[in-house]
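Report on one structure; see the data block that follows.
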Amino acid sequence: QVQLVESGGGLVQPGGSLRLSCAASGIIFVQYTMEWYRQAPGKQRELVASISSGGATNYPDSVKGRFTISRDNAKNTVSLQMDFLKPEDTAVYYCRSRSVLRAWVAYWGQGTQVTVSS
39 QVQLVESGGG LVQPGGSLRL SCAASGIIFV QYTMEWYRQA PGKQRELVAS ISSGGATNYP
99 DSVKGRFTIS RDNAKNTVSL QMDFLKPEDT AVYYCRSRSV LRAWVAYWGQ GTQVTVSS
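This is the structure in structure tokens:
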């Protein structure tokens, strides 16, 4: 059974930082690209960071320079360090694993709420 369990969300003031973590089980972790998505109320889910099994990263312009994704292949975890947070970063953040061998195979976590507000 595949499980992705996110943690680390919460309430933070603008300009602050949060670190999200995602623990994966039930998959061969190194065979998956790991991704973080977010979905704000009334908006589509969007990709905010991805990292390949080899450590190559990708970010959209909206978070580039503020968010950093990392992974620990020995511990089957992926993290998202979020700095200089803005109110528009408020959303539910989801961890996703996407198979590099079968691109149609992907798994989602349950999501964790991040609220940026003073």
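In this note's numbering, the protein residues as written are 39 to 156. Each residue gets a CB set at the ideal place from its N, CA and C atoms; glycine is no exception.
Within the chosen definition, does the segment 110-120 reach the segment 71-91 through at least 3 CB pairs nearer than 8 Å? yes
Is it buried or exposed for residue 140, if we count other Cβ within 10 angstroms and need 16 for buried? By 1-based counting over the sequence shown, the position of residue 140 is 102. So residue 140 ends up on the exposed side.
If we ignore side chains and look at the alpha-carbon of each, how far apart do residue 127 and residue 55 end up? Within the sequence shown, numbered from 1, the residue matching residue 127 stands at position 89. Within the sequence shown, numbered from 1, the residue matching residue 55 stands at position 17. In a straight line, the C-alpha of residue 127 is about 11 Å away from that of residue 55.
Ignoring anything shorter than 3 residues or poking outside the segment 47-130, list the beta strand (DSSP E) runs there in chain order. 48-50, 56-63, 70-77, 84-89, 105-110, 115-120
Simplified DSSP state of residue 152, which is helix, strand or coil: Taking the first residue of the sequence shown as position 1, residue 152 is located at position 114. In this structure, residue 152 counts as strand in the three-state DSSP scheme.
Starting from the C-beta of residue 42, find all residues in its chain whose C-beta is less than 7 Å away, skip the five residues before and the five after it, and write them out in chain order. Here the question's residue 42 lines up with position 4 in the sequence shown. 60, 62, 133, 135, 145, 146, 147, listed in sequence order.
Taking DSSP as the reference, what is the three-state secondary structure of residue 136? Reading the sequence shown from its first residue, position 98 is the one you call residue 136. Residue 136: strand per DSSP, three-state reduction.
Close beta carbons around residue 69, own chain, < 8 Å, minus the five adjacent residues each side: Within the sequence shown, the letter at position 31 stands for residue 69. The answer, listed in chain order, is 91, 137, 138, 139.
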